[in-house]
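Visitor:
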Amino acid sequence: MERPLSSPAPTFDDLLRRARELVRDDRRAVLGVTGSPGAGKTTLAERLVRALNGDGAPWVAHVPMDGFHLADVELERLGLRDRKGAPETFDAAGYAALLRRLREDDKGAGDTETVYAPGFERVLEQPVAGAIPVFPSARLVVTEGNYLLLAERSWSRVRSQIDEVWFCELAEDERVRRLVARHEEFGKDHDTAVAWVRGTDQRNADLVAATRDRADLVVPGALRYPAAG
């Protein structure tokens, strides 16, 4: 495993080249993108998928970890509603099982099947089953989420199913600003958004930041990506 790189910063072309090289002998590979809440994981993952699929026929799938959020009704039962977003509020074992299936279905007869992954509806703040199809043509799966590098319990099984994990890093003041704006966009008033970011989100961010040195590559949040659209 290569140690994390932070200087010199990779260009976007460097990232595309590295992602392509994960697929060897036409074997399906899994690339993970992690980082603290608001660091730009989804933006990076979406731009990578868009650019790589621009090579021709779509061959890259995007499967976020967020589809494995436990539903609010289950969080209420567990007494974890106020911890939503923490590691224990996800089905980590289910996420690991999906990643394993994505890799194993690339072999033999399974290669002809479409695998369906859950998505996450931001407006409802709820997971949605069967929302993301991963077609047999997918040679690379890009997955992103906060806890890909955690070593505790079922999260270690997640890491074992990923070929490389890249860590998105952003200046703390900008990360917090973006996160507050995101919470406001999806319905929280400003004071509630700030309180959530400084409380629950910050505890999660500190936990994720401690996993940085386990990443294969560190990607600065200031890296410029091609414009969307």
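Note that this note's numbering has the sequence shown beginning at 1, numbered continuously upward.
Positions of the beta carbon are idealized from the N, C-alpha and C atoms, including for glycine.
The structure displayed is predicted, hence computed values, not measured ones.
What separation, rounded to the nearest whole angstrom, lies between the Cα atoms of Asn53 and Val60?
Guide: Annotation: Asn53 to Val60 spans about 6 angstroms, alpha carbon to alpha carbon.
Visitor: Can you tell me the Cα-Cα spacing of Asp163 and Arg101, whole angstroms?
Guide: Each residue's CA atom was taken as its position, placing Asp163 and Arg101 some 14 angstroms apart.
Visitor: Taking only three categories from DSSP, how would you classify Val30?
Guide: strand
Visitor: Tell me whether Asp82 is buried or exposed, calling it buried when 16 or more other Cβ atoms sit within 10 Å of its Cβ.
Guide: exposed
Visitor: Measure the Cβ-Cβ separation of Pro58 and Asp201 and say whether it is below 8 angstroms.
Guide: Their beta carbons are not under 8 angstroms apart, which means Pro58 does not touch Asp201 by this criterion.
Visitor: Would you call the CB atoms of Leu148 and Thr34 closer than 8 angstroms?
Guide: yes
Visitor: Using DSSP's beta-bridge definition, name the partner residues of Ala117.
Guide: DSSP output for Ala117 lists Ile132 as bridge partner(s).
Visitor: Around the Cβ of Leu217, are there at least 16 other Cβ atoms within 10 angstroms (buried) or fewer (exposed)?
Guide: buried
Visitor: How is the beta strand (DSSP E) around Ala61 delimited, first residue to last?
Guide: Segment 60-62, the beta strand (DSSP E) holding Ala61.
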